[in-house]
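Enquirer: Read in order, the letters of the sequence shown are residues 18 to 435 in the numbering used here.
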Amino acid sequence: MLDIKWIINNPKKADEAFKRRGLKPLSNKLIDMGKSRSKVFVKLEKLLELRNKISKEISNTKDSSKKKELINKVKILKEDISKFQEGKTSKNSDLDNFLMELPNFLDESVPDGKNENDNLEIKKFGDIKEFDFKIKDHVDIGENLGLLDFKSAANVSGSRFVYLKNNLSKLERALTNFMIDSNVKFGEFDEFYTPYLVNNESLLGTGQLPKFDSDIFKTRENLWLIPTSEVTLINLVRDKILDKKDLPFRYTAYTPCFRSEAGAAGKDTRGLKRQHQFGKVEIVSIVASENSNDEHLFLLSAAEKILQDLKLPYRVCELCSAEVGFAAKKTFDIEVWVPSLKGYMEISSISNCGDFQSRRINARYNDNNTKHFPHTLNGSALAVGRTIIAILENYQNKDGSVDIPEVLKKYMNNQERL
Numbered sequence: 018m019l020d021i022k023w024i025i026n027n028p029k030k031a032d033e034a035f036k037r038r039g040l041k042p043l044s045n046k047l048i049d050m051g052k053s054r055s056k057v058f059v060k061l062e063k064l065l066e067l068r069n070k071i072s073k074e075i076s077n078t079k080d081s082s083k084k085k086e087l088i089n090k091v092k093i094l095k096e097d098i099s100k101f102q103e104g105k106t107s108k109n110s111d112l113d114n115f116l117m118e119l120p121n122f123l124d125e126s127v128p129d130g131k132n133e134n135d136n137l138e139i140k141k142f143g144d145i146k147e148f149d150f151k152i153k154d155h156v157d158i159g160e161n162l163g164l165l166d167f168k169s170a171a172n173v174s175g176s177r178f179v180y181l182k183n184n185l186s187k188l189e190r191a192l193t194n195f196m197i198d199s200n201v202k203f204g205e206f207d208e209f210y211t212p213y214l215v216n217n218e219s220l221l222g223t224g225q226l227p228k229f230d231s232d233i234f235k236t237r238e239n240l241w242l243i244p245t246s247e248v249t250l251i252n253l254v255r256d257k258i259l260d261k262k263d264l265p266f267r268y269t270a271y272t273p274c275f276r277s278e279a280g281a282a283g284k285d286t287r288g289l290k291r292q293h294q295f296g297k298v299e300i301v302s303i304v305a306s307e308n309s310n311d312e313h314l315f316l317l318s319a320a321e322k323i324l325q326d327l328k329l330p331y332r333v334c335e336l337c338s339a340e341v342g343f344a345a346k347k348t349f350d351i352e353v354w355v356p357s358l359k360g361y362m363e364i365s366s367i368s369n370c371g372d373f374q375s376r377r378i379n380a381r382y383n384d385n386n387t388k389h390f391p392h393t394l395n396g397s398a399l400a401v402g403r404t405i406i407a408i409l410e411n412y413q414n415k416d417g418s419v420d421i422p423e424v425l426k427k428y429m430n431n432q433e434r435l
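1) Which ranges would you report for the beta strand (DSSP E) in the segment 303 to 328 if only whole runs of at least 3 residues count?
2) DSSP state of residue 330, grouped into three classes?
3) Kindly identify the DSSP beta-bridge partner or partners of residue 225.
4) The alpha helix (DSSP H) with residue 159 in it runs from where to where?
5) Can you look up residue 28 in the DSSP assignment and give me helix, strand or coil?
6) Just the C-alpha distance for residue 363 and residue 395, rounded to the nearest angstrom, thanks.
7) Out of 58, 249, 377, 25, which one is the CA nearest neighbour of residue 97?
8) Thinking C-beta only, is residue 251 closer than 9 Å to residue 300?
9) Whose CA, out of 26, 33, 201, 34, lies closest to the CA of residue 48?
10) Grouping DSSP H, G and I as helix and E and B as strand, with all else coil, what is residue 429?
11) Suppose the cutoff is 6 Å on Cβ atoms and the five residues either side in sequence are ignored; what does the same chain contact list for residue 376 look like?
12) Are the CB atoms of residue 408 and residue 253 nearer to each other than 9 Å?
13) So, helix, strand or coil for residue 115, using DSSP?
14) What is the DSSP secondary structure of residue 259, reduced to helix, strand or coil?
15) Among 220, 258, 203, which one has its Cα closest to the Cα of residue 386?
16) Report yes or no: do the segment 204 to 215 and the segment 270 to 280 share at least 3 C-beta pairs separated by less than 8 Å?
17) Apart from the five residues on each side of it in sequence, which residues of its chain come closer than 8 Å, Cβ to Cβ, to residue 216?
18) Using 9 Å as the threshold, is the C-beta distance between residue 403 and residue 333 below it?
19) Report the rounded CA-to-CA distance for residue 382 versus residue 83, giving the unit in angstroms.
20) Select from 74, 103, 100 the residue whose C-alpha is nearest the C-alpha of residue 89.
21) On the three-state DSSP scale, how would you describe residue 379?
22) Whose CA, out of 358, 192, 22, lies closest to the CA of residue 298?
23) Do you know whose CA, among 115, 39, 71, lies nearest residue 51's CA?
24) Distance cutoff 9 Å, beta carbons only. Does residue 409 sit that close to anything in chain D?
25) From which residue to which residue does the beta strand (DSSP E) around residue 362 run?
26) Which one or two residues does DSSP pair with residue 6 in a beta bridge?
27) Are there 16 or more other CB atoms within 10 angstroms of the CB of residue 312, so buried, or fewer, so exposed?
28) So what does residue 395 bridge to, in DSSP terms?
29) My output table needs one value for residue 74: the three-state DSSP class, helix, strand or coil.
30) Looking at the structure shown, is residue 519 part of a helix, part of a strand, or coil, going by DSSP?
31) Relative to the alpha-carbon of residue 175, which residue among 152, 87, 294, 247 has its alpha-carbon at the smallest distance?
32) In whole angstroms, what separates the C-alpha of residue 203 from that of residue 323?
33) Residue 198 lies in the alpha helix (DSSP H); which residues open and close that run?
34) Beta-carbon within less than 8 Å of residue 177's beta-carbon, same chain only, minus the 5 sequence neighbours each way: which residues are those?
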């Protein structure tokens, strides 16, 4: 959630920030809503003070007629107070609901741009392999090996689901364990097993609701299937007051993730790339505000290390203004090389959300008896299905087999190939 006080004090800067997000200037509207709320608050406080004053007079008055007159005044005041309390709740809700719809302000360092073509490539890693045979994509490789089954999954669940079989299921499990182990060892992240179902408040807190409700699966019990374990990990500190000396909190978890992605029909939906259900290892940090930029680079390095150990070529891009997600103020994408695409595919997004999420979940930290909103950061380390795509294609052999990356062999009983 945006800081209404900052907007009131910096309307011109706020309107520039809204413009970078593709929105019209909104500071005047927000200031008017804030002033309207303040007027109700001030009037309510005055009424409460007057009621307390008259109540004291009643207890100190011995004249029965005077006491009766004062009691009648209190009754009238109670009715007025009740109306203004309702008004306070209404004004609060109106302002909060409007703020909940607005995206985070972008960091000043984010490059301007209109689409993904304007993202800024900042580094590359690894050599792109040259094959001396006609390569296959991951779908053909997996199906030829009898390890990928989309048809059975379609019969059971519908489109954009999959069965991974035998050695590929084992590879998925190996990747998950390797990624978690890497995060715990490299970044000293605390490992969690988290719920897969969450309530409205949790999704509001991390910013998936109210804007992206059509992209999330909802159950009849008013619970939602998680689109990412960012939701469950960030909400661990909801409504809590932390101590600065205990920060940073670093969390990691593997979960299946569920996304309807209503707007993605027909877009990059072949194979494992864009499934309704997919596995992902998440990393999350909760830090003191002055440390979030350094922590952002640390999370990026944690995700990069996994790809480096897997010896998969990749690049890192800084997202332009049009591509940064709703809750983030700055994002790095890691894109892995996919031979069949003759290009790169996103495999991780590492985002700094500033205090946007902590305001929504009312998480604060204490620093010398002063309370501040911590900064939250999150990223994939990594998306497991997309890592499988990269391994199948980059490690494929002419005979149709696939070499297992060296770092994964100990997780697969020293198996050499799929």
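Built from N, CA and C at the ideal position, the CB exists for glycine as well.
Expert: Per the coordinate set shown:
1) none
2) Numbered from 1 along the sequence shown, position 313 holds the residue referred to as residue 330. Residue 330 falls in the coil class under three-state DSSP.
3) As a working note, residue 225 is residue 208 in the sequence shown. Note: residue 225 sits in no beta bridge, so no partner.
4) What you label residue 159 is simply residue 142 of the sequence shown in a count that begins at 1. From DSSP, the alpha helix (DSSP H) with residue 159 extends over 155 to 161.
5) Counted from its first residue, the sequence shown places residue 28 at position 11. Helix.
6) By one-based count along the sequence shown, residue 363 stands at place 346. By one-based count along the sequence shown, residue 395 stands at place 378. Their backbone Cα atoms lie some 15 Å apart in a straight line.
7) Sequence index remark: in the sequence shown, residue 97 carries index 80 (1-based). With distances taken between Cα atoms, residue 97 lies closest to 58.
8) Here the question's residue 300 lines up with position 283 in the sequence shown. Here the question's residue 251 lines up with position 234 in the sequence shown. Their beta carbons are not under 9 Å apart, which means residue 300 does not touch residue 251 by this criterion.
9) The count along the sequence shown starts at 1 and reaches residue 48 at position 31. Checking every option, the nearest Cα to that of residue 48 belongs to 26.
10) Position 412 of the sequence shown, counted from the start, is the residue given in the question as residue 429. Reduced to three states, the DSSP call for residue 429 is helix.
11) Locating residue 376 in the sequence shown gives position 359, where the first residue counts as 1. Excluding positions up to five away in sequence, the list reads 18, 390.
12) Residue mapping note: residue 408 aligns to position 391 of the sequence shown, counting from 1. Residue mapping note: residue 253 aligns to position 236 of the sequence shown, counting from 1. No, the Cβ-Cβ distance between residue 408 and residue 253 is not below 9 Å.
13) As a working note, residue 115 is residue 98 in the sequence shown. Residue state, collapsed to three classes: helix.
14) The residue given as residue 259 occupies position 242 in the sequence shown. Strand at residue 259.
15) Position 369 of the sequence shown, counting from 1, holds the residue named residue 386. Looking at the Cα atoms, 258 is the closest of the given residues.
16) yes
17) Counted from its first residue, the sequence shown places residue 216 at position 199. 239, 240, 241, listed in sequence order.
18) On the sequence shown, position 386 is the one that residue 403 refers to. On the sequence shown, position 316 is the one that residue 333 refers to. Cβ distance not < 9 Å, so residue 403 and residue 333 don't count as in contact.
19) As a first step, residue 382 is located in the sequence shown; it is residue number 365 there, counting from the start. As a first step, residue 83 is located in the sequence shown; it is residue number 66 there, counting from the start. Taking the straight line from one Cα to the other gives about 51 Å.
20) Taking the sequence shown and counting its residues from 1, the one referred to as residue 89 is at position 72. Cα-wise, what sits closest to residue 89 is 74.
21) As a position in the sequence shown, residue 379 is number 362, starting the count at 1. Residue state, collapsed to three classes: coil.
22) One-based indexing of the sequence shown puts residue 298 at position 281. Checking every option, the nearest Cα to that of residue 298 belongs to 192.
23) Working through the sequence shown from its first residue, we reach residue 51 at position 34. It is 115.
24) No chain D appears in this structure, which consists of one protein chain only.
25) Looking up residue 362 in the sequence shown gives position 345. Per DSSP, residue 362 belongs to the beta strand (DSSP E) from 360 to 369.
26) For the chain, the structure presents residues 18 to 435; residue 6 sits outside this window and is missing.
27) The count along the sequence shown starts at 1 and reaches residue 312 at position 295. Its Cβ being crowded by 16 or more others within 10 Å, residue 312 is buried.
28) Within the sequence shown, the letter at position 378 stands for residue 395. Answer is 301, 368, bridged to residue 395.
29) As a first step, residue 74 must be located in the sequence shown, where it is residue number 57. The answer is helix: DSSP assigns residue 74 an H, G or I state.
30) Given a span of 18 to 435 for the chain in the structure shown, any question on residue 519 remains unanswerable.
31) Position 158 of the sequence shown, counted from the first residue, corresponds to residue 175. Answer by Cα proximity: 294.
32) Working through the sequence shown from its first residue, we reach residue 203 at position 186. Working through the sequence shown from its first residue, we reach residue 323 at position 306. So the two alpha carbons sit approximately 10 Å from each other.
33) In the sequence shown, residue 198 corresponds to position 181, counting from 1. Taken as a continuous stretch (DSSP letters only), the alpha helix (DSSP H) holding residue 198 covers 183 to 204.
34) Start at 1 with the first residue of the sequence shown, and residue 177 comes out as number 160. These residues qualify, in order along the chain: 286, 291, 292, 293.
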